[in-house]
Amino acid sequence: MADSATVSFTQMKDGTKEDYELLDRLEEPYRAGTADRLLTELAAQAEDTLAGYKITRLEHGLQSATRARRDGADIDWVVAALLHDIGDRLAPQNHDRMAAEILRPFVREEVSWVVEHHGLFQSYYYGHHYGWDRNARDRFKDHPCFASCADFCERWDQSSFDPAYESDSLESFVEDVRTVFARKAYDPAVIRTGEVLGLPATI
1 MADSATVSFT QMKDGTKEDY ELLDRLEEPY RAGTADRLLT ELAAQAEDTL AGYKITRLEH
61 GLQSATRARR DGADIDWVVA ALLHDIGDRL APQNHDRMAA EILRPFVREE VSWVVEHHGL
121 FQSYYYGHHY GWDRNARDRF KDHPCFASCA DFCERWDQSS FDPAYESDSL ESFVEDVRTV
181 FARKAYDPAV IRTGEVLGLP ATI
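Just so you know, we're using UniProt numbering here: the sequence shown kicks off at 1 and counts up by one.
This is the structure in structure tokens:
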């Protein structure tokens, strides 16, 4: 049976230790459901065709993740490729940062940095058509993750708008997503601050 207890306060500053222990206990199952809520959002994107593109938002994520998987990428890259545009529907102007914040507690720092900056790096392919500086990404040219982000965009993101590409199914990624989001948040052994592995080499 669900816990029907509630806190004693109406202002957080008045909460007791017992109140916050209660909240922590009640929030744990919700935190544990993060992966499934993300998978539900991805599934909903199957009905959301990218305006003007030939594929749906879901298909773009699946193509990106499938390319990463077939390149031999590790689980952090694969899940990041799947979820890199998860913020599109709620935060179209800063979807990259939204996706990065979702991933940041559960993947290594290099991967969350790439997701956070992929929007800017993607503009290399089209920015000049809008009169923008397509080389705006060069402000990060000395960053250790620059090559990783440029490669992510080249190999897995900008190339994944092809209706003829045979992607792996969303179901095939479920266990990867659940594995990543079952990790202890901000575990130093996962975050691996300062470690840059890059993308797997192409064959």
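All C-beta atoms in this analysis are idealised placements derived from N, C-alpha and C, irrespective of residue type, glycine included.
Item, Value
"Only counting the same chain, and skipping five residues up and downstream in sequence, which positions put a Cβ closer than 8 angstroms to that of alanine 43?", "Leu58 and Leu170"
"Is the CB-CB distance between alanine 147 and glycine 198 below 8 angstroms?", "yes"
"Roughly how many angstroms separate the alpha carbons of alanine 35 and leucine 82, rounded to a whole number?", "12 angstroms"
"Only counting runs of 4 or more residues, tell me where the alpha helix (DSSP H) segments fall wholly within the region 71 to 158, in order along the chain.", "75 to 83, 95 to 103, 109 to 122 and 146 to 152"
"Would you mind giving the Cβ-Cβ distance between histidine 118 and aspartate 71, rounded to the nearest angstrom? I have them listed as a contact below 8 angstroms.", "Actually they are not in contact, since the Cβ atoms of histidine 118 and aspartate 71 sit about 16 angstroms apart, beyond 8 angstroms."
"In its own chain, which residues sit with a C-beta less than 7 angstroms from the C-beta of glutamate 41, not counting the 5 before and 5 after it?", "Ile86"
"Go through its chain and collect everything with a Cβ distance to tyrosine 186's Cβ below 7 angstroms, but skip five positions before and after it.", "Pro105"
"Cutting at 7 angstroms between CB atoms, please list the residues of its own chain near valine 196, excluding the five before and the five after it.", "Glu110, Pro144, Cys145 and Ser148"
"Whose C-beta lies closer than 7 angstroms to the C-beta of aspartate 133 among residues of the same chain, with five residues either side of it excluded?", "Gly127"
"Can you tell me whether residue 213 is helix, strand or coil according to DSSP?", "Missing from the structure shown is residue 213; the chain here goes from 1 to 203 and no further."
"Kindly list the residues whose CB is nearer than 7 angstroms to the CB of phenylalanine 152, restricted to its own chain and excluding five residues on each side of it in sequence; keep chain order.", "Val114, His118 and Leu199"
"Should glutamine 45 go down as buried or exposed, given a rule of 16 or more other Cβ atoms within 10 Å for buried?", "buried"
"Who pairs with threonine 56 in a beta bridge, going by DSSP?", "Thr49"
"Decide if leucine 90 is buried, meaning its Cβ has at least 16 other Cβ atoms within 10 Å, or exposed.", "exposed"
"Just mark arginine 155 as buried or exposed, buried being the case when its beta carbon has 16 or more other beta carbons within 10 Å.", "buried"
"According to DSSP, is methionine 1 helix, strand or coil?", "A caution first: methionine 1 carries a pLDDT of 37, below 50, which makes its placement in the model unreliable, though a value can still be read off. Coil at methionine 1, not helix or strand."
"Which of helix, strand or coil does DSSP assign to lysine 184?", "coil"
"To which residues of the same chain is serine 112 closer than 7 angstroms at the C-beta, ignoring the five residues directly before and after it?", "Ala100, Leu103 and Arg104"
"Which residues in the same chain have their Cβ closer than 7 angstroms to the Cβ of threonine 179, if we skip the five residues on either side of it in sequence?", "Ile75"
"Going by DSSP in three states, serine 172 sits in which element: helix, strand or coil?", "helix"
"Could you name the residues of the same chain whose beta carbon sits closer than 7 angstroms to that of leucine 23, not counting the 5 residues immediately before and after it, in chain order?", "Val7"
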